[in-house]
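Peer 1: Provided herewith is a single structure, encoded as structure tokens, for subsequent inquiry.
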Amino acid sequence: MTIRFDKLGVVIAAIVSYAAFAAPFATFRANRIVPGEARSILDALPAAAGPLLLAIVVGAALIALLKTPLILRLAASVVALAALALLIGVSGSFLTPEGNTFARISPASGFWLLIFAFTLLLADVLTRLNLSPWARVGVLVVAAAAIGLLLVSGSWNSLSILKEYANRADSFWAEGSKHVTLALGSLAAAVISGLPLGILCHRVEKLRAGVLNVLNIIQTIPSIALFGLLIAPLGWVATHVPGAAALGIRGIGTAPAFVALFLYSLLPVVANTVVGLAGVPRAANDAARGMGMTDRQRLFGVEFPLAFPVILTGIRIVLVQNIGLATIAALIGGGGFGVFVFQGVGQTAMDLVLLGAVPTVAMAFAAAIILDAVIEMTSTRRREAQPA
Amino acid sequence: MKEAGVKAWLPSLLRLVLVVLLIAFVTNPGWFEPLLKPLTENNAPAIYNQGSLLTLTLLHLRTVLIATVAATIVAVALAILVTRPAGVEFLPLSRSLVNIGQTFPPVAVLALAVPAVGFGEKPTLIALFLYGLLPIFENALTGLTTLPANVVEAARGAGMTGWQRLVKIELPLSAPIILGGIRLSVVISLATATIGSTVAARTLGEVIIAGLLSNNLAFVLQGGLIVAALAVLIYDGLSAIERYTARRMGQETA
Numbered sequence: 050m051t052i053r054f055d056k057l058g059v060v061i062a063a064i065v066s067y068a069a070f071a072a073p074f075a076t077f078r079a080n081r082i083v084p085g086e087a088r089s090i091l092d093a094l095p096a097a098a099g100p101l102l103l104a105i106v107v108g109a110a111l112i113a114l115l116k117t118p119l120i121l122r123l124a125a126s127v128v129a130l131a132a133l134a135l136l137i138g139v140s141g142s143f144l145t146p147e148g149n150t151f152a153r154i155s156p157a158s159g160f161w162l163l164i165f166a167f168t169l170l171l172a173d174v175l176t177r178l179n180l181s182p183w184a185r186v187g188v189l190v191v192a193a194a195a196i197g198l199l200l201v202s203g204s205w206n207s208l209s210i211l212k213e214y215a216n217r218a219d220s221f222w223a224e225g226s227k228h229v230t231l232a233l234g235s236l237a238a239a240v241i242s243g244l245p246l247g248i249l250c251h252r253v254e255k256l257r258a259g260v261l262n263v264l265n266i267i268q269t270i271p272s273i274a275l276f277g278l279l280i281a282p283l284g285w286v287a288t289h290v291p292g293a294a295a296l297g298i299r300g301i302g303t304a305p306a307f308v309a310l311f312l313y314s315l316l317p318v319v320a321n322t323v324v325g326l327a328g329v330p331r332a333a334n335d336a337a338r339g340m341g342m343t344d345r346q347r348l349f350g351v352e353f354p355l356a357f358p359v360i361l362t363g364i365r366i367v368l369v370q371n372i373g374l375a376t377i378a379a380l381i382g383g384g385g386f387g388v389f390v391f392q393g394v395g396q397t398a399m400d401l402v403l404l405g406a407v408p409t410v411a412m413a414f415a416a417a418i419i420l421d422a423v424i425e426m427t428s429t430r431r432r433e434a435q436p437a
Numbered sequence: 011m012k013e014a015g016v017k018a019w020l021p022s023l024l025r026l027v028l029v030v031l032l033i034a035f036v037t038n039p040g041w042f043e044p045l046l047k048p049l050t051e052n053n054a055p056a057i058y059n060q061g062s063l064l065t066l067t068l069l070h071l072r073t074v075l076i077a078t079v080a081a082t083i084v085a086v087a088l089a090i091l092v093t094r095p096a097g098v099e100f101l102p103l104s105r106s107l108v109n110i111g112q113t114f115p116p117v118a119v120l121a122l123a124v125p126a127v128g129f130g131e132k133p134t135l136i137a138l139f140l141y142g143l144l145p146i147f148e149n150a151l152t153g154l155t156t157l158p159a160n161v162v163e164a165a166r167g168a169g170m171t172g173w174q175r176l177v178k179i180e181l182p183l184s185a186p187i188i189l190g191g192i193r194l195s196v197v198i199s200l201a202t203a204t205i206g207s208t209v210a211a212r213t214l215g216e217v218i219i220a221g222l223l224s225n226n227l228a229f230v231l232q233g234g235l236i237v238a239a240l241a242v243l244i245y246d247g248l249s250a251i252e253r254y255t256a257r258r259m260g261q262e263t264a
């Protein structure tokens, strides 16, 4: 029997051996601003845990390196990721001196590289397993539950990012809900006005090029400029339109951010509606007409359901983009997780940046997976329905 | 007929006007002061006065250019790698990675790059590079995997080596699609580079942020408009190159 190597496994094993033996596992800082001191795996963990983690990591890397069954690779990546997640918390409590509230322990490059390597392995296994949309959402739920459990159990509480959170727990949730409101609210507004606009563009050819060009140009205006430019008109509306100020419309804050996100969201929604409707097979439309369906019946009964997956793709683009762009709202006082990112950049406190960036990335990631699954479900249903 | 004639040259005329206005604005912003003055309050300056707009525009373009060239080289090389027999194992994984990568917000990438490389141009270059990789890689992959099978077969039948096929057939044929990815990447980068000024990179974002901080709408507007004009013009220019290469490819394969 000859030993055969897996090509991706070679890459993973190389990353793991560097990360586990040459790179620091955790960083110790006497307070949140000073530069840190690096600690390797063996220094960062209690006597038995260090060698145990090294053994797990090396074992999992070996499984990745050789050509092994998928199920074994899946187990190896999950075990390694779970061990890393648990032990970084252990390292946090181990390195924090008794009763010291200023010291900050944060995961260092070695930890992140190990996480990256085994996530790569996990992603590869999941890709090769070719999971159904439901199963992918299931994996996401399990992963989210595991992370939630670790957070609730308090095993990460000694890590720096959660210390930043503990200092700002209230504002974290307030900014978080603002972030979600901005991203989802502007998406809802864009769908409500973008769909009719898209249908109109589909029906009235003269409008199409003009509308799409204007929306295209809006996309080229840099986000921070668009946010800023809306301050003046909305300020004017607030002072001159009776009742507008009472609705929360102001020049600074959430209103211009909301409008800017809405404007950015329109193009993908409108363009995908137009493309989706244009892709409806002529035969389907003719059949519907032959059956004596009215224009409205045809729109809702035939064209819309058939164009739905394409429209959903536009909505996916918008949602992921909005979750990311909402961070910029913080620059004009619109709130959201960007508040922590920009505060952190200003104070050069990276843990604070992470406190804003990690939930943003996690939300965007989850939104992408869920919507991808929904898109796949609707388009397979369509394909199954077509021959019938 | 007459109407068609007007329609044909109108876009070119508009583009020319835009180019002239843009050049005039960045070289002689003083000429436009009366236009922007009504947007300021309390006698604030109407034209950005903490640096030359021309220098900032050139620095902005330089940042985008460096990031795009690096992203193009890496993305095309990766796409070539995963479409060769030796790298085909990586193809599905690379597709999922590209998908995952696109969910990372640019602000997060920018802010997270700061501890690694410090403030200034470097974190901006990293964010633009990473963000620019994705559309180019995706398009290069589409281009290289959807080549007409008969052409590739014919090249193999003619006894071309793998390298010859790549350089003479596959890359030229997928060039228009790859260019489309580069165009998308450049437009995204032009806008994203402005965010780089939040970590002290010298781009046109500096003008916009100065405007936001001092509540000076004229600054926000001029910074935003220059970037938007650059994006529109570069988008148009690259589209023209794309059409040109597509036409040439069409003729050569015909």
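Same order as they appear, the protein sequences are chains F and S.
Every number in the numbering used here is 49 more than the matching position in the first sequence, counting from 1.
Every number in the numbering used here is 10 more than the matching position in the second sequence, counting from 1.
We put the CB at the ideal spot given by N, CA and C, even for glycine.
#1: Output yes or no for whether 7 Å exceeds the beta carbon distance between residue 108 of chain S and residue 157 of chain S.
#2: Over the uninterrupted beta strand (DSSP E) stretch that includes residue 153 of chain F, give me the two end residues.
#3: Please report the residue range of the alpha helix (DSSP H) in which residue 121 of chain S lies.
#4: Taking only runs of the beta strand (DSSP E) that begin and end inside the stretch 118-185 of chain F, which ones reach a length of at least 3 residues, in chain order?
#5: List the residues that DSSP assigns as beta-bridge partners of residue 88 of chain F.
#6: Whose CA, out of S/196, S/105, S/250 and S/203, lies closest to the CA of residue 66 of chain S?
#7: Let me check understanding here. Comparing Cα to Cα, which of F/248, F/236, F/389 and F/384 lies closest to residue 328 of chain F?
#8: Under 7 Å between C-beta atoms, does residue 340 of chain F make it to chain S?
#9: Against chain F, with Cβ distances strictly below 7 Å, would residue 21 of chain S count as a contact?
#10: Could you pull out every unbroken alpha helix (DSSP H) segment of at least 4 residues lying fully inside the stretch 237-274 of chain F, listed in chain order?
#11: Would a check of beta-carbon distances place residue 398 of chain F closer than 7 Å to chain S?
#12: Residue 62 of chain S versus chain F: which residues are under 8 Å apart at the beta carbon?
#13: Which residue from F/217, F/98, F/351 and F/418 puts its Cα closest to that of residue 134 of chain F?
#14: If we ignore side chains and look at the alpha-carbon of each, how far apart do residue 303 of chain F and residue 101 of chain F end up?
#15: Determine the chain F residues that contact residue 153 of chain S at a beta-carbon separation under 9 Å, and present them in chain order.
#16: Which residues, in order along the stretch 126-142 of chain S, keep a beta-carbon less than 9 Å from a beta-carbon of chain A?
#17: In three-state terms, what does DSSP make of residue 264 of chain S?
#18: In chain order, what residues of the same chain have a beta carbon less than 6 Å from the beta carbon of residue 149 of chain S, not counting five sequence neighbours either side?
#19: Whole angstroms are fine: how far does the CA of residue 288 of chain F sit from the CA of residue 146 of chain S?
#20: Can you list, in chain order, the residues of the stretch 159-174 of chain F whose Cβ is nearer than 8 Å to any Cβ on chain S?
#21: Determine the closest residue to residue 216 of chain F out of F/262, F/250 and F/151, with distance taken between C-alpha atoms.
#22: Can you give me the C-alpha to C-alpha distance between residue 179 of chain S and residue 194 of chain S, rounded to a whole angstrom?
#23: Comparing the C-beta of residue 102 of chain S with each C-beta of chain F, is any distance below 7 Å?
#24: Alpha carbon to alpha carbon, how far is residue 348 of chain F from residue 383 of chain F?
#25: Within 7 Å of any Cβ in chain S, is that where the Cβ of residue 143 of chain F sits?
#26: Using C-beta distances below 8 Å, list every residue in its chain close to residue 166 of chain S, excluding the 5 sequence neighbours before and after it, in chain order.
#27: Closest by CA to residue 269 of chain F, which one among S/227, S/236, S/228 and S/131?
#28: At 9 Å on the CB atoms, spell out the chain F contacts of residue 252 of chain S, in chain order.
#29: Near residue 259 of chain F, which residues of its chain fall below 6 Å by C-beta distance, leaving aside the five closest residues on each side in sequence?
#30: Show which residues of chain S have a CB atom less than 9 Å away from the CB atom of residue 373 of chain F.
#31: Spell out the partners DSSP gives residue 307 of chain F in its beta bridges.
#32: For chain S, is any of its Cβ atoms less than 7 Å away from the one on residue 176 of chain F?
#33: Counting only beta-carbon separations shorter than 7 Å, does residue 88 of chain S have a partner in chain F?
#34: With 7 Å set as the bound, which would you pick, yes or no: does the beta-carbon of residue 409 of chain F sit closer than that to a beta-carbon of chain S?
#35: Can you tell me which of S/183, S/159 and S/137 puts its alpha carbon nearest to the alpha carbon of residue 201 of chain S?
#36: Answer with buried or exposed for residue 222 of chain F, where buried requires no fewer than 16 other C-beta atoms within 10 angstroms of its C-beta.
Peer 2: Answer, in terms of the structure:
#1: On the second sequence, residue 108 of chain S is found 98 positions in, with the first residue counted as 1. On the second sequence, residue 157 of chain S is found 147 positions in, with the first residue counted as 1. In this structure, residue 108 of chain S keeps its C-beta atom at 7 Å or more from the C-beta atom of residue 157 of chain S.
#2: On the first sequence, position 104 is the one that residue 153 of chain F refers to. It spans 153-156 - the beta strand (DSSP E) in which residue 153 of chain F sits, taken as one unbroken run.
#3: Here residue 121 of chain S is taken as the residue at index 111 of the second sequence, counted from 1. In the DSSP assignment, residue 121 of chain S falls within the unbroken alpha helix (DSSP H) covering 116-127.
#4: List check, beta strand (DSSP E) in window: 153-156.
#5: Within the first sequence, residue 88 of chain F is the residue found at index 39, counting from 1. Beta bridge pairing from DSSP links residue 88 of chain F with F/75.
#6: To locate residue 66 of chain S, count along the second sequence from 1; it is residue 56. Checking every option, the nearest Cα to that of residue 66 of chain S belongs to S/203.
#7: Here residue 328 of chain F refers to the residue found at position 279 when the first sequence is read from its first residue. Among F/248, F/236, F/389 and F/384, the Cα nearest to that of residue 328 of chain F is on F/248.
#8: For the purposes of this step, residue 340 of chain F is taken as residue 291 along the first sequence, with counting starting at 1. Not one chain S Cβ lies under 7 Å of residue 340 of chain F.
#9: Counting from one through the second sequence, the residue named residue 21 of chain S turns up at place 11. For residue 21 of chain S, the answer is no, since every Cβ of chain F falls outside 7 Å of its Cβ.
#10: You should have 254-269.
#11: As a first step, residue 398 of chain F is located in the first sequence; it is residue number 349 there, counting from the start. For residue 398 of chain F, the answer is no, since every Cβ of chain S falls outside 7 Å of its Cβ.
#12: Sequence index remark: in the second sequence, residue 62 of chain S carries index 52 (1-based). For a Cβ distance threshold of 8 Å, nothing in chain F lies close to residue 62 of chain S: the least Cβ distance comes to about 19 Å.
#13: In the first sequence, residue 134 of chain F corresponds to position 85, counting from 1. Comparing Cα-Cα distances from residue 134 of chain F to each of F/217, F/98, F/351 and F/418, the minimum goes to F/98.
#14: One-based indexing of the first sequence puts residue 303 of chain F at position 254. One-based indexing of the first sequence puts residue 101 of chain F at position 52. Spanning the two alpha carbons is a distance of roughly 50 Å.
#15: By one-based count along the second sequence, residue 153 of chain S stands at place 143. Near residue 153 of chain S there are no residues of chain F at all, since even the closest Cβ is about 20 Å away, more than 9 Å.
#16: The chain labelled as chain A is not found among the protein chains of the depicted structure, namely F and S.
#17: By one-based count along the second sequence, residue 264 of chain S stands at place 254. Residue confidence for residue 264 of chain S is low, a pLDDT of 35 falling below 50, so the modelled location carries little weight and cannot support an answer.
#18: Locating residue 149 of chain S in the second sequence gives position 139, where the first residue counts as 1. Taken in chain order, the residues that qualify are 187, 188, 190 and 191.
#19: Within the second sequence, residue 146 of chain S is the residue found at index 136, counting from 1. Within the first sequence, residue 288 of chain F is the residue found at index 239, counting from 1. Taking the straight line joining both Cα atoms gives about 46 Å.
#20: For the stretch 159-174 of chain F, which is checked against every Cβ of chain S, the residues closer than 8 Å are 169, 172 and 173.
#21: For this step, residue 216 of chain F is matched to residue 167 along the first sequence. Shortest Cα-Cα distance from residue 216 of chain F to any of F/262, F/250 and F/151 involves F/151.
#22: In the second sequence, counting from the first residue as 1, residue 179 of chain S sits at position 169. In the second sequence, counting from the first residue as 1, residue 194 of chain S sits at position 184. So the alpha carbons of these two residues sit roughly 24 Å apart.
#23: As a first step, residue 102 of chain S must be located in the second sequence, where it is residue number 92. It does: the Cβ of residue 102 of chain S has a partner Cβ on chain F nearer than 7 Å.
#24: On the first sequence, residue 348 of chain F is found 299 positions in, with the first residue counted as 1. On the first sequence, residue 383 of chain F is found 334 positions in, with the first residue counted as 1. Looking at the two C-alpha atoms, the distance is approximately 38 Å.
#25: Here residue 143 of chain F is taken as the residue at index 94 of the first sequence, counted from 1. Look at residue 143 of chain F: its C-beta is not under 7 Å from any C-beta on chain S.
#26: Here residue 166 of chain S refers to the residue found at position 156 when the second sequence is read from its first residue. When the five nearest sequence neighbours on each side are left out, the beta carbons in the same chain lying within less than 8 Å of the beta carbon of residue 166 of chain S are those of 175, in order along the chain.
#27: Within the first sequence, numbered from 1, the residue matching residue 269 of chain F stands at position 220. When each option's Cα is compared against that of residue 269 of chain F, the closest is S/236.
#28: Translated into positions along the second sequence, residue 252 of chain S becomes position 242. Ordered by position in chain F, no residue passes the 9 Å Cβ test against residue 252 of chain S, which lies about 16 Å from the chain.
#29: Locating residue 259 of chain F in the first sequence gives position 210, where the first residue counts as 1. Hits under 6 Å: none found.
#30: Residue mapping note: residue 373 of chain F aligns to position 324 of the first sequence, counting from 1. Result: 113, 114, 115, 116, 117 and 118.
#31: Indexing the first sequence from 1 puts residue 307 of chain F at position 258. Per DSSP, none; premise fails for residue 307 of chain F.
#32: Your numbering for residue 176 of chain F matches position 127 in the first sequence. At least one chain S Cβ lies under 7 Å of residue 176 of chain F.
#33: To locate residue 88 of chain S, count along the second sequence from 1; it is residue 78. Not closer than 7 Å to any Cβ of chain F, the Cβ of residue 88 of chain S fails to qualify, so no.
#34: As a first step, residue 409 of chain F is located in the first sequence; it is residue number 360 there, counting from the start. Yes, residue 409 of chain F lies at the interface with chain S (some Cβ there is under 7 Å from its Cβ).
#35: Start at 1 with the first residue of the second sequence, and residue 201 of chain S comes out as number 191. Here the closest residue by C-alpha is S/137.
#36: The residue labelled residue 222 of chain F in the question sits at position 173 within the first sequence. Exposed, by the Cβ-count rule.
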